[in-house]
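Chemist: I'd like to ask some things about the structure below.
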Amino acid sequence: MTSLVVISAGLSQPSSTRLLADKLSSATVHQLAEVPEVTVLELRDLAQDITNNLLTGFPSGKLSAAVESVAKADAVIAVTPIFSASYSGLFKSFFDVLDPDALDGKPVLIGATGGSSRHSLALEHALRPLFSYLRAVVVPTAVYAASEDWASSGEGELSGRVQRAGGQLAALLNGSTGTTGAKDPFADVIPFADMLKAQGQ
Amino acid sequence: MQFGIFSVGDVTPDPTTGRTPTERERIKAMVRIAQKAEEVGLDVFATGEHHNPPFVPSSPTTMLGYIAATTEKLILSTSTTLITTNDPVKIAEDYAMLQHLADGRVDLVMGRGNTGPVYPWFGQDIRQGIPLAVENYAMLHKLWREDVVDWEGKFRTPLQGFTATPRPLDGIPPFVWHGSIRSPEIAEQAAFYGDGFLHNHIFWPKEHTARMVQFYRQRFAHYGHGTAEQAIVGLGGQFFMRKNSQDAVKEFRPYFDNAPVYGHGPSLEEFSTQTPLTVGSPQQVIDRTLSFREYVGDYQRQSFLIDHAGLPLKTVLEQLDLLGEILPTLRSEFAARRAPGTPDAPTHASLLAKQQSLATVTE
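Keeping their order, the protein sequence lines are chains W and D. Mind the numbering: the first sequence is residues 1 to 201 in the numbering used here, read in order. Mind the numbering: the second sequence is residues 202 to 564 in the numbering used here, read in order.
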């Protein structure tokens, strides 16, 4: 079954970031050929584990399951509040503890929330480069929701952008041919004799 | 099975008093801890090698030579010897010298070191960490086994007709373990040579250790050194003991909370669940230690870290007394669980006996 992992870095409860994440998720699901398995990761619940991982170098049980679900996902929706002109520190820290190959070739839809529409380009200036670095395939439409957008209606407004972005992610998933993501480090260790030979020994 | 302790050699303030030992105090404390290890019946003392503050043991063979002179049975080892940044010629000579002085009570654990800035201090580049470990060890292996060596590699000037001196005691190189937390290449290297593999074990969940050891065992068998069960495995471990487990937790918590490696992160309870750290009664330490073999198989060396995070010398010596008290139980319980045919870790004496029996067969 196709698996979709939805990551929300919203901090308040209820959270408009989570609300946007859910809207993006259902827009994607409705446009997919088959019903996917959807896993929602609320980073707030993992905040201490993420900090501990930064300090100890390994994920705790709960975080380990979250990290694994991202590595195994067929597609990811990642939504963050915009803090100080960029993604939140918690959002970035989560991607910092992922295996660098976890998102390799994976379709990703990015979204962000903020109090003012003036920060909408943080999606293009901060989130998109982050996911490009991680070699994800980021869909062309990134969705920003400011406070005023929640009251909007119509095709060019928030719900229209959500539908378009969800459709783009679903199109990538419908045409996808297989899994991507982190590799098993033990799968292709070079035999020692070859390591020696490669160094001219 | 061998039991021992290993020291990182960190100079860390005691968080309960704020006092930082001087370098001299710390160096002398390490020596005292090693001597005490022999007194309580342990088999091995290993010192780290570091070339940056807040660590003191930059010259392991100087320290181990001194300890050798004041002990009789203790095996002197390292945790780890930097195979990447040390000149293999100097490692060959230093440890052969130590072998003679210590009557063979020497082995080494090779490690790469993970402190990037150290590499350029010794003319190397951390990006070459694995290739350096591969080439330098290949050279060291040869220097200890061939009297006259011609050598050409990528990382140092060639050798023409060179003889490392003194030659290893009785012509037997010190036994070597390779240590790595998560690089399968190093487990592969240990397996290729039929050397031992030692996993630090203490900072990460046991699944990582189990996976690395399993890989090493498979490759050890692949290279024809014996069965996977005959591979030579060592593990780290970490405990703090008091007769009453609540006293242990209460006394150790400030040291844990401020420890250089994992301090200010997970709680003592979380870290104790996630890693082999055991803070509690002697029985809890026995039970936890016995459980290690359930995921790595029967193994040859158990080495504990007991003198870090600013623990005062007096406390460390008390920990060694307690370890000495549970040692007979650990030995008998491990022996009772051990599969027949499990080899012991090679020592100079066992390698000498093997060499002599081979010589007899050849005659």
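Idealized CB from N, CA, C, for every residue including glycine.
Which one or two residues does DSSP pair with Gly397 (chain D) in a beta bridge?
Modeler: The partner list for Gly397 (chain D) (beta bridge, DSSP) reads D:Trp378.
Chemist: Out of D:Asn253, D:Val517, D:Val434, point me to the one whose CA is closest to Ala546 (chain D)'s CA.
Modeler: Answer by Cα proximity: D:Val434.
Chemist: On the DSSP letters alone, give me the boundaries of the alpha helix (DSSP H) that Pro455 (chain D) sits inside.
Modeler: Element bounds for Pro455 (chain D): 446-458.
Chemist: How would you list, in chain order, the residues of chain W whose beta-carbon sits under 8 Å from the beta-carbon of His465 (chain D)?
Modeler: The contacting residues are Leu55.
Chemist: When you compare each of D:Thr213, D:Met264, D:Thr285 to His379 (chain D) by their alpha carbons, which one comes out closest?
Modeler: The shortest C-alpha separation from His379 (chain D) is found at D:Thr285.
Chemist: Pick helix, strand or coil for Leu130 (chain W), following the three-state DSSP scheme.
Modeler: Here Leu130 (chain W) sits in helix by DSSP.
Chemist: Nearest to Lys555 (chain D) by alpha carbon, out of D:Gly242, D:Val310, D:Glu336, D:Gly372?
Modeler: Checked all of D:Gly242, D:Val310, D:Glu336, D:Gly372; the closest Cα to Lys555 (chain D) is D:Gly372.
Chemist: Is it true that the segment 250-259 of chain D meets the segment 291-310 of chain D, where meeting means three or more beta-carbon pairs spaced less than 8 Å apart?
Modeler: As far as the Cβ criterion goes, the segment 250-259 of chain D does not touch the segment 291-310 of chain D, which means the pair count is below three.
Chemist: Does the beta carbon of Phe393 (chain D) sit closer than 8 Å to a beta carbon anywhere in chain W?
Modeler: So, interface residue.
Chemist: For Thr479 (chain D), which three-state DSSP category applies?
Modeler: Three-state result, Thr479 (chain D): strand.
Chemist: For Ala303 (chain D), which residues in the same chain have their Cβ closer than 7 Å to its Cβ, ignoring the five residues on either side in sequence?
Modeler: Closer than 7 Å at Cβ, skipping near neighbours: Ala269, Leu277.
Chemist: Do the segment 456-468 of chain D and the segment 499-507 of chain D touch if we need at least three Cβ pairs shorter than 8 Å?
Modeler: The answer is no - the segment 499-507 of chain D does not touch the segment 456-468 of chain D, with fewer than three Cβ pairs under 8 Å.
Chemist: Sort D:Thr316, D:Gln203, D:His342 by Cα distance to Leu275 (chain D) and report the nearest one.
Modeler: Nearest C-alpha to Leu275 (chain D): D:Gln203.
Chemist: Any chance the segment 348-367 of chain D sits against the segment 417-424 of chain D, with 3 or more Cβ pairs inside 8 Å?
Modeler: Because the criterion of three Cβ pairs below 8 Å is not met, the segment 348-367 of chain D and the segment 417-424 of chain D do not touch.
Chemist: Can you check whether the CB of Pro385 (chain D) is closer than 8 Å to the CB of Pro185 (chain W)?
Modeler: A contact, by the Cβ cut-off of 8 Å.
Chemist: If the criterion is Cβ atoms closer than 8 Å, does the pair Leu521 (chain D) and Val241 (chain D) meet it?
Modeler: Yes.
Chemist: Under 9 Å, CB to CB, which of the residues in the segment 79-106 of chain W have a partner in chain D?
Modeler: Listed by position, the residues of the segment 79-106 of chain W near chain D (Cβ gap below 9 Å) amount to none.
Chemist: For Phe207 (chain D), tell me which candidate among D:Glu430, D:Glu408, D:Ala235 has the shortest Cα-Cα distance.
Modeler: Measuring from the Cα of Phe207 (chain D), the nearest candidate turns out to be D:Ala235.
Chemist: For Leu243 (chain D), which residues of its own chain have a beta-carbon under 6 Å away from its beta-carbon, when the five flanking residues on both sides are left out?
Modeler: Excluding residues within five positions, the ones whose Cβ falls inside 6 Å are Phe204, Gly205.
Chemist: Using a beta-carbon distance below 8 Å, is Thr196 (chain W) in contact with chain D?
Modeler: It should be noted that the sequence gives Leu, not Thr, for residue 196 (chain W). Judged by the 8 Å Cβ criterion, Leu196 (chain W) is in contact with chain D.
Chemist: Mind listing which residues of the segment 440-462 of chain D have their C-beta closer than 9 Å to chain W's C-betas, in chain order?
Modeler: Within the segment 440-462 of chain D, the residues whose Cβ lies closer than 9 Å to some Cβ of chain W are Val462, listed in chain order.
Chemist: Using the DSSP secondary-structure output, state which residues sit across from Asp6 (chain W) in a beta bridge.
Modeler: Note on identity: in this sequence residue 6 (chain W) is Val, with Asp being the wrong assignment. W:Val40, W:Ile77, per the DSSP bridge assignment.
Chemist: Would you tell me roughly how many angstroms separate the C-alpha atoms of Thr248 (chain D) and Phe453 (chain D), rounded to the nearest one?
Modeler: Thr248 (chain D) and Phe453 (chain D): Cα-Cα distance of roughly 23 Å.
Chemist: Ends of the alpha helix (DSSP H) at Trp322 (chain D)?
Modeler: Element bounds for Trp322 (chain D): 319-322.
Chemist: What does Val335 (chain D) reach in chain W if we use C-beta pairs closer than 7 Å?
Modeler: Under the 7 Å cutoff, chain W gives Met195, Leu196, Gln199.
Chemist: Could you work out which residues of chain W lie near Gln475 (chain D), taking near to mean beta carbons separated by less than 7 Å?
Modeler: Ser60, listed in chain order.
Chemist: Looking at chain D, is there any beta carbon in it that lies within less than 8 Å of the beta carbon of Asn52 (chain W)?
Modeler: It does; some Cβ of chain D falls within 8 Å.
Chemist: Let me confirm a value: His540 (chain D) is counted as buried when at least 16 other C-beta atoms fall within 10 Å, else exposed. Which label applies?
Modeler: In the sequence under discussion, the amino acid at residue 540 (chain D) is Ala, which differs from the His named in the question. Exposed.
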